[in-house]
């Protein structure tokens, strides 16, 4: 689960940056429909040089998700610099990465099957890693159960569960058999309905023990915050909650359409439904699995909800174009930003004292009505994951990141496989005199870039996820239609 407020550096150093207004709210109802520009952009084929670059970028992501794992349960590390816990959201990306690794020839099908099975067998039978069928944010890296890191929260997290389940559904479609059987249990056990704790019916962020301890059998409470805005995390949580096959666990489809849709725009650029803070991941996490590219604009009015009809693929395309433009406009202030160097999304970063930190940016237009560019640090996976919507611009950015060197001829962002690296680092900042590249990798950053690139190239993850019975049930209940229909 991403942190909601924007901050730079260590988590205790919250600060807000007051900036002059650059966004305006769109008045009146306005639908967001597929544009000819978007259709043209996604129809262009990658060149052989592009394909070679994407092979390299994807392999780096896959190597991290495959090699940096626990034992005996092979869960991927939350981040390279933390060998104690695994983020189960990261495991969702890890599970979806396995079919990509098989199809790309990096592992055999048997190796992929065995890894997926070991992961699922390691976490599903346990009772100390879930509450009401919803899995914890963090678990022990090696065992898959309750972690003992007192510095990290203990929370059954609906978004981390959603990303885990989406990845598991992808693996189930690919491997079938015992893998699919275990995933069926995960899907059936998830009681989304009990997490509907607010009158509006929105799903709670999660459940936490009252004493913030490590015993899930002790009294606790549902978090008072809920998923209520129509952006990536909210949508995949609600999509899966609608698609559960267990009647007593399901959330009504109208809840999906009640997620708040507020359209804003930057200057004269096209308006779109904005997220709370506006970092890039809030426009692409759900697209890693849900194939909105093939779907028409939805219809809230079919469910008695008075909100604009939105083509969510078009919406994210507009968001990424605006996001890039905001970075270009900041290039006079920050060395790192420019036409081919853009992308702001939560990531590891280097604090002023040289220690490792974590940043969560804010980029307007957003609901927060704030900007926080976190000193100009760029996160390559943001532009990389935007490849589903703006492939040409994304590839140009990835090529820039891949080849960028400092004055001494050393790569700033790229780390060679032969030297233990995993390709593109999590972030970089050219305004720093030392350590311009942040020496870390994070599972929920490597994962979406890998999946997004594969979807842009072959549509593999979209195909596997969308053919799962639970995804099909959600599509049916939400009355979503194919573009061709």
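Residue numbers (the numbering used here): 71 to 555.
Backbone N, C-alpha and C define an ideal beta-carbon position, used for all residues, glycine too.
What does the alpha-carbon distance come out to for the pair residue i and residue j?
| i | j | result |
| --- | --- | --- |
| residue 159 | residue 237 | 9 angstroms |
| residue 538 | residue 302 | 20 angstroms |
| residue 453 | residue 404 | 17 angstroms |
| residue 105 | residue 392 | 15 angstroms |
| residue 544 | residue 314 | 8 angstroms |
| residue 347 | residue 436 | 5 angstroms |
| residue 213 | residue 323 | 36 angstroms |
| residue 249 | residue 146 | 18 angstroms |
| residue 125 | residue 293 | 41 angstroms |
| residue 373 | residue 548 | 9 angstroms |
| residue 463 | residue 209 | 37 angstroms |
| residue 430 | residue 533 | 31 angstroms |
| residue 375 | residue 485 | 49 angstroms |
| residue 540 | residue 232 | 12 angstroms |
| residue 388 | residue 283 | 43 angstroms |
| residue 258 | residue 522 | 27 angstroms |
| residue 239 | residue 398 | 38 angstroms |
| residue 201 | residue 395 | 42 angstroms |
| residue 434 | residue 357 | 21 angstroms |
| residue 93 | residue 426 | Only weak support exists for where residue 93 lies, its pLDDT of 49 falling under 50; the value from the coordinates is given anyway. Taking the straight line joining both Cα atoms gives about 33 angstroms. |
| residue 338 | residue 459 | 20 angstroms |
| residue 510 | residue 414 | 16 angstroms |
By Cβ distance below 6 angstroms, which residues in the same chain neighbour residue i in space, the five residues on each side in sequence not counted?
| i | result |
| --- | --- |
| residue 362 | 382, 383 |
| residue 508 | 418, 419, 420, 495, 496, 497 |
| residue 170 | 524 |
| residue 91 | Because the pLDDT at residue 91 is just 35, under 50, the model does not fix this residue reliably, and the value given afterwards should be weighed accordingly. There are no such residues. |
| residue 206 | 199, 226 |
| residue 268 | 296 |
| residue 183 | 245 |
| residue 327 | 370, 373, 375 |
Assign residue i to buried or exposed, taking buried as 16 or more other Cβ atoms, counted over all protein chains shown, within 10 Å of its Cβ.
| i | result |
| --- | --- |
| residue 68 | No information on residue 68 is available, as it lies outside the stretch 71 to 555 that the chain covers here. |
| residue 133 | buried |
| residue 504 | exposed |
| residue 438 | buried |
| residue 277 | buried |
| residue 365 | buried |
| residue 442 | buried |
| residue 197 | exposed |
| residue 299 | buried |
| residue 367 | buried |
| residue 572 | In this structure the chain extends from 71 to 555, so residue 572 is not present and cannot be described. |
Checking the sheet assignment: what are the DSSP bridge partners for residue i?
| i | result |
| --- | --- |
| residue 443 | Residue 443 is not bridged to any residue. |
| residue 292 | 277 |
| residue 498 | 448, 507 |
| residue 104 | Paired residues: none, contrary to the question. |
| residue 520 | None, per the DSSP bridge assignment. |
| residue 419 | 427 |
| residue 226 | 206, 277 |
| residue 484 | 494 |
| residue 201 | 204 |
| residue 299 | 330 |
| residue 139 | 146 |
| residue 552 | 365 |
For residue i, I'd like the list of residues in its chain whose CB is within less than 8 angstroms of its CB, leaving aside the five on either flank, ordered along the chain.
| i | result |
| --- | --- |
| residue 506 | 476, 482, 498, 499, 500 |
| residue 194 | 252, 255, 256 |
| residue 333 | 95, 96, 100, 102, 341, 342, 343, 344, 378 |
| residue 512 | 148, 149, 150, 160, 417, 418, 496 |
| residue 113 | none |
| residue 288 | 279, 280, 281 |
| residue 406 | 446, 447, 448, 498, 499, 500, 501 |
What does a CB cutoff of less than 7 angstroms around residue i pick up in its chain, not counting 5 residues either side in sequence?
| i | result |
| --- | --- |
| residue 411 | 448, 467, 470 |
| residue 273 | 228, 262, 265, 266, 296, 297, 307, 308, 311, 321 |
| residue 186 | 165, 168, 241, 245, 249 |
| residue 247 | none |
| residue 316 | 258 |
| residue 550 | 365, 368 |
Can you find a heavy atom of the ligand SAM that lies under 8 angstroms from the Cβ of residue i?
| i | result |
| --- | --- |
| residue 173 | As for the ligand SAM, it is missing from this structure, which has no ligand bound. |
Within this structure, are the beta carbons of residue i and residue j separated by less than 9 angstroms?
| i | j | result |
| --- | --- | --- |
| residue 451 | residue 515 | yes |
| residue 138 | residue 487 | no |
| residue 127 | residue 527 | no |
| residue 203 | residue 260 | yes |
| residue 122 | residue 461 | no |
| residue 290 | residue 279 | yes |
| residue 518 | residue 455 | yes |
| residue 235 | residue 162 | yes |
| residue 190 | residue 154 | no |
| residue 536 | residue 360 | yes |
| residue 329 | residue 305 | yes |
| residue 144 | residue 215 | no |
Counting only beta-carbon atoms, is residue i nearer than 9 angstroms to chain D?
| i | result |
| --- | --- |
| residue 219 | Of the chains in the structure shown, none is chain D; there is only one protein chain. |
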